[in-house]
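Asker:
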Amino acid sequence: MTEQSTPMTIDALIVGGGIAGLWTLAKLTNAGYRALLVEKSALGSGQTIHSQGIIHGGTKYALLGKMTNAQRQIAGMPDYWRDCLAGNGEMDLGDVTCHTQAQTLWALPQLSSRVTGFFASHLMKSHVTKIPTADRPPVLQHHQCQGNFYALNEPVLDVKSLLMCFANRYRHHIITDAKWQLAHPQADNACDSTFDNNCASDNDGDGNGDYKIVSIKTANTTLTVKAAHIIYTAGKANASLSNDTANQQIRPLRMVYAHVPKTFGQLYLHVLAASDKPRLTITTHPYDEQTNIWYLGGHVAETGAHLSDSETITLAKKELTAIFPWLDFSQCPFASFVVDRAEGSHAGNRPDTPVVHSDSQTIVAWPTKLAMAPMLADAIVAMVARLSPTNPPQTNTAHTAPPTFATPRIANYPWECN
1 MTEQSTPMTI
11 DALIVGGGIA
21 GLWTLAKLTN
31 AGYRALLVEK
41 SALGSGQTIH
51 SQGIIHGGTK
61 YALLGKMTNA
71 QRQIAGMPDY
81 WRDCLAGNGE
91 MDLGDVTCHT
101 QAQTLWALPQ
111 LSSRVTGFFA
121 SHLMKSHVTK
131 IPTADRPPVL
141 QHHQCQGNFY
151 ALNEPVLDVK
161 SLLMCFANRY
171 RHHIITDAKW
181 QLAHPQADNA
191 CDSTFDNNCA
201 SDNDGDGNGD
211 YKIVSIKTAN
221 TTLTVKAAHI
231 IYTAGKANAS
241 LSNDTANQQI
251 RPLRMVYAHV
261 PKTFGQLYLH
271 VLAASDKPRL
281 TITTHPYDEQ
291 TNIWYLGGHV
301 AETGAHLSDS
311 ETITLAKKEL
321 TAIFPWLDFS
331 QCPFASFVVD
341 RAEGSHAGNR
351 PDTPVVHSDS
361 QTIVAWPTKL
371 AMAPMLADAI
381 VAMVARLSPT
391 NPPQTNTAHT
401 APPTFATPRI
411 ANYPWECN
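Numbering (full-length UniProt numbering), first residue to last: 1 to 418.
#1: Could you spell out the range, first to last residue, of the beta strand (DSSP E) harbouring ALA335?
#2: How big is the Cα-Cα spacing for ALA134 and HIS142?
#3: So is residue 421 buried or exposed if we call it buried at 16+ other beta carbons inside 10 Å?
#4: On the three-state DSSP scale, how would you describe LEU241?
#5: Can you check whether the CB of LYS179 is closer than 9 Å to the CB of PHE149?
#6: Three-state secondary structure (DSSP) at TRP326?
#7: Check whether the Cβ atoms of residue 419 and TYR268 lie closer than 9 Å to each other.
#8: Have a look at the DSSP bridge pairing and note the partners of VAL159.
#9: To the nearest angstrom, report how far apart LYS212 and GLY235 are at their CA atoms.
#10: Determine, using beta carbons only, whether LYS369 and HIS56 come nearer to each other than 9 Å.
#11: For PHE264 and VAL139, which I take to be in contact (beta-carbon distance under 8 Å), what is that distance rounded to the nearest angstrom?
#12: Buried or exposed for LYS27, please, with buried defined as at least 16 other CB atoms from any protein chain shown within 10 angstroms of its CB.
#13: Using C-beta distances below 8 Å, list every residue in its chain close to LEU93, excluding the 5 sequence neighbours before and after it, in chain order.
#14: Any idea what DSSP makes of LEU320, helix, strand or coil?
#15: Kindly list the residues whose CB is nearer than 7 Å to the CB of GLU302, restricted to its own chain and excluding five residues on each side of it in sequence; keep chain order.
#16: When you compare only the Cα positions, how much space is there between GLY344 and THR281?
#17: In this structure, does DSSP put TYR80 in helix, strand or coil?
#18: Measure the CB-CB distance between THR222 and ILE230 and report whether it falls below 9 Å.
#19: Which residues mark the beginning and the end of the alpha helix (DSSP H) in which ILE380 is found?
#20: Which residue comes first and which comes last in the beta strand (DSSP E) that contains HIS99?
#21: If we count Cβ pairs, one from each stretch, closer than 8 Å, do we get three or more for the stretch 352–367 versus the stretch 376–388?
#22: Taking its Cβ as the centre, do 16 or more other Cβ atoms sit within 10 Å of HIS306, making it buried, or is it exposed?
#23: Rounding to the nearest angstrom, what Cα-Cα distance links LEU123 and TRP23 in this structure?
#24: Return helix, strand or coil for GLY18, following the three-state DSSP convention.
#25: Among residues of its own chain, excluding the 5 on either side of ASP177, which ones have a beta-carbon nearer than 8 Å to its beta-carbon?
#26: Kindly list the residues whose CB is nearer than 8 Å to the CB of GLN146, restricted to its own chain and excluding five residues on each side of it in sequence; keep chain order.
#27: VAL139 lies in the alpha helix (DSSP H); which residues open and close that run?
#28: Which partner residues does LYS212 have in the DSSP bridge list?
Written out as structure tokens, the structure is:
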């Protein structure tokens, strides 16, 4: 095992390697801060790899036929991400696979008149355009497809390729499969891995304030770092790691996926209901030569959070059969699993924006949505600058982790784990 004897001084230690932590690492590093990210497992484990990869622009929040604060807050994110995907944005995400640049909205007949009027309004014209029958995905050209169809200007990304893009670019700032703990510099014993915020600090006497002393271990390396700030972007684990449960809420989903024949086609589809949540959201992901994965969210996933595995799968099959009566799902394998959506507290309701809390050297953050991760990172960078006005970024002394750390490991999709 390699052990570094001299502590490494950094501006920020980011705990949690999902999309929030990766965007935060990228923006801090690009701003000249010395930052390091640690992840106890693989990058994306948890909420990120279980997301459908949708870069929301808030249109689905307006499904009741009126603009909402959530829609206004997130409206610009698809264009922001699209610039990055084209290699022209603030972050070069040109290596990321984009499944589709636009999703399909299917307004069933009972909704069509109200939804048609709203989508035709001036406020929505830049986000939604009507799709002629001939331009629909083939599976939606069946004569039993009734209602109106719209193209929604929101891309869907391959999440693993997104994680890989960040991992490749910032690999010398990322440690996966790591254990960490705070240790007082004057004591032999270490604090536990919940990061007691009062446990370990070190004042160098240089006027730069206290540092947290953290020991990081992997299978073959031990590293000690002195971090001016600890930033928690660990999803559900934020509450226990930061000893702050009051500022976090959990809203679970039970996601469902089905192995479907490739003849069913590729769908990136919201089926609209009389709700601010789609009746069903489907994204398609490649699996093998014969099958694709249809990954199901929306009302099915929300309702499934309160049902068993078998009950949720029964509900999903019932919904798919009702929506696509010309397709036979009887031979399709289904599976479901629970995802605990961790968010900043908002009285049990969905927050409209990312949520960030700070207490001296500690920052705790939740992005709310995949699409909002850049917004969250901007807020964290601004907070670090505000908390450390005497510690400007060291633009020419970017931190590089020792090369003995392994290449960051990327989480697998749930259908790759069985």
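Backbone N, C-alpha and C define an ideal beta-carbon position, used for all residues, glycine too.
Answerer: Considering the structure as presented:
#1: 334–344
#2: 11 Å
#3: Since the first and last residues shown for the chain are 1 and 418, residue 421 lies out of range.
#4: Correct three-state label for LEU241: helix.
#5: no
#6: coil
#7: In the structure as shown, the chain starts at 1 and stops at 418, and residue 419 therefore has no counterpart that could be examined.
#8: Answer is none; VAL159 lacks a bridge partner.
#9: 21 Å
#10: For LYS369 and HIS56, yes; Cβs fall inside 9 Å.
#11: 6 Å
#12: buried
#13: TRP81, CYS84, LEU85, GLY87, LEU162 and CYS165
#14: helix
#15: LEU253 and LYS277
#16: When only Cα atoms are considered, GLY344 and THR281 end up about 24 Å apart.
#17: Three-state DSSP puts TYR80 in a helix.
#18: Not a contact, by the Cβ cut-off of 9 Å.
#19: 373–387
#20: 98–100
#21: yes
#22: exposed
#23: With a pLDDT of 49 at LEU123, under the threshold of 50, the modelled position of that residue is not reliable, and the figure given next carries that caveat. So the alpha carbons of these two residues sit roughly 30 Å apart.
#24: Correct three-state label for GLY18: coil.
#25: GLU39, LYS40, SER41, ALA42, THR218, ALA219, ALA406 and ARG409
#26: Excluding five sequence positions before and after GLN146, the CB atoms of its chain that fall closer than 8 Å to its own CB belong to LEU108 and PRO109, given in chain order.
#27: First-last for VAL139: undefined, no H or E at that position.
#28: BP columns for LYS212 point to ALA227.
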